[in-house]
Amino acid sequence: MKLTTRGHYSVKALLDLSLQPQFGPTSVKAIADRQDLPAPYLEKLLMEMRRAGLVKSLRGATGGYQLARHPAQISLGQILEAVGETIDPLPRSSPDSEQAEDWVTDRLWHRLHQKLKESLYSISLEDLYFDARSWQAYQGEETNFVV
Numbered sequence: 033m034k035l036t037t038r039g040h041y042s043v044k045a046l047l048d049l050s051l052q053p054q055f056g057p058t059s060v061k062a063i064a065d066r067q068d069l070p071a072p073y074l075e076k077l078l079m080e081m082r083r084a085g086l087v088k089s090l091r092g093a094t095g096g097y098q099l100a101r102h103p104a105q106i107s108l109g110q111i112l113e114a115v116g117e118t119i120d121p122l123p124r125s126s127p128d129s130e131q132a133e134d135w136v137t138d139r140l141w142h143r144l145h146q147k148l149k150e151s152l153y154s155i156s157l158e159d160l161y162f163d164a165r166s167w168q169a170y171q172g173e174e175t176n177f178v179v
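Residue 81 in our numbering is what sits at position 49 of the sequence shown, and the numbering runs on without skipping anything.
Written out as structure tokens, the structure is:
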């Protein structure tokens with residue numbers, strides 16, 4: 033599995049939203065500026081995450097995007113799935129039924145894939161937030177948040 037730009041930007045955007053006071057709305061431009069992301073691309077990703085129920089949008093001068101749920105209720109797997117990321121480690125293939133090694137290797141990859149999927153869905157946005165904050169504290173950084 034490889035985390036593409038699409039997945040990376042999506043996680044960065046939702047981490048940024050998790051920092052807003054009371055998870056209030058913030059504009060695409062503000063997120064893009066803080067995280068050094070291209071605003072038009074970010075807008076498309078946020079629309080996909082809105083359709084998946086991870087964020088909601090509010091219109092108006094004080095509008096923007098905000099988390100639709102508490103960060104503890106949003107998993108890394110849900111974020112990646114919302115923007116079309118695949119977590120399949122290898123293309124699907126059928127093992128040669130005559131070769132025990134092929135069958136064993138296929139089962140091994142299947143089990144590893146299941147464990148990876150379980151892990152991605154067990155890591156919450158809140159976990160990532162605290163990991164980032166811990167790293168910043170270790171570095172002696174201020175509370176600005178650029179992932």
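Backbone N, C-alpha and C define an ideal beta-carbon position, used for all residues, glycine too. Computed from a predicted structure; not experimentally measured.
With DSSP collapsed to three states, give me the class of Gly56. Gly56 carries a coil assignment under DSSP once its states are collapsed to helix, strand and coil.
Contact set for Tyr73: own chain, Cβ-Cβ below 8 Å, skip 5 residues either direction: Result list for Tyr73: Tyr41, in chain order.
How many whole angstroms separate the CB atoms of Pro57 and Gly96, which I take to be in contact at a CB cut-off of 8 Å? 4 Å
Please list the segments of the alpha helix (DSSP H) lying wholly inside the segment 41 to 107, counting only runs of 4 or more residues, in order along the chain. 60 to 67, 71 to 83
Beta bridge counterpart(s) of Phe156 as assigned by DSSP: With the sequence shown as reference, residue 156 is identified as Ser, and Phe is not the correct amino acid for it. Per DSSP, the beta bridge partners of Ser156 are Ser107.
Quick check: what's the CA-CA separation for Leu99 versus Arg91? 15 Å
Specify the secondary structure class of Gly39 as computed by DSSP and reduced to three states. helix
Is the beta carbon of Ala104 less than 8 Å from the beta carbon of Met81? No Cβ-Cβ contact shorter than 8 Å links Ala104 with Met81.
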